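Residue numbers (my numbering): 0 to 237.
All residues carry an ideal CB built from backbone N, CA and C; glycine is no exception.
None of these values were measured; they are calculated from a predicted model.
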């Protein structure tokens, strides 16, 4: 069975990215514009589509829904859900989860879709970058914490395979993304992104947080301390 080490390194040429983040955006605002973060997610997804990028996301309310809302063409988005979980993606999810031996049922399938978000349906093409929002501003495997939530696993996967991560919690995310698009993706400076004066609003029913009921046989996803997470990260890199 495929292991995480067998998955491809990012080439920067896939023209795909992951647009992901918390389900409960909690009224958070993008730091440069003070705009509700979901509106900026939707806008950036639309702009990236114009540049020829395809969105990989997870079909959940909150951040996933906001990114998906901004993409106009169905051909420019790949939406993965727990129903897409396979034995391979489940195995990889458990391999990277801090409490892997306790990750089971519906919670496991939720984490399994992270693998598709980063490596595609056939696990043969790594995304170029991640645009996301987490409360802790996580952008690397080593800065993953409990506040990264499930998004932290996708961030870790991307980071360990060389894909860039731009977390909208951090003020410099937009400046770094623009630089990436010009220097790495070959987009002309004159075409580079600029924030609009006004943002379209994402419908509230897409981002209002309603906790999902787990499957009857699902075990709750365990909470790990930051110390436990760091210890596991070090063990996996040996």
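| Item | Value |
| --- | --- |
| Below 8 Å between beta carbons: does that hold for residue 77 and residue 55? | yes |
| Among the residues of its own chain, which have a CB less than 7 Å from the CB of residue 146, if the five just before and after it don't count? | 133, 134, 135 |
| With a Cβ-Cβ cutoff of 8 Å, do residue 79 and residue 121 count as a contact? | no |
| For residue 166, which residues does DSSP report across the bridge? | 131 |
| What number of angstroms, rounded off, separates the C-alpha of residue 66 from the C-alpha of residue 31? | 18 Å |
| Mind checking who residue 56 pairs with in its DSSP beta bridge? | 78 |
| Can you look up residue 114 in the DSSP assignment and give me helix, strand or coil? | helix |
| Could you tell me if residue 199 is buried or exposed, where buried requires 16 or more neighbouring beta carbons within 10 angstroms of its beta carbon? | exposed |
| Around the Cβ of residue 5, are there at least 16 other Cβ atoms within 10 angstroms (buried) or fewer (exposed)? | exposed |
| Sorted by chain position, which residues of the same chain lie with C-beta nearer than 8 Å to residue 214's C-beta, five sequence neighbours on each side aside? | Reliability of the predicted coordinates at residue 214 is poor, the pLDDT of 44 falling under 50, and the value obtained from them is presented with this limitation in mind. Answer for residue 214: 104, 105, listed in chain order. |
| I need the DSSP call for residue 15, collapsed to helix, strand or coil. | strand |
| Helix, strand or coil: how does DSSP classify residue 104 here? | helix |
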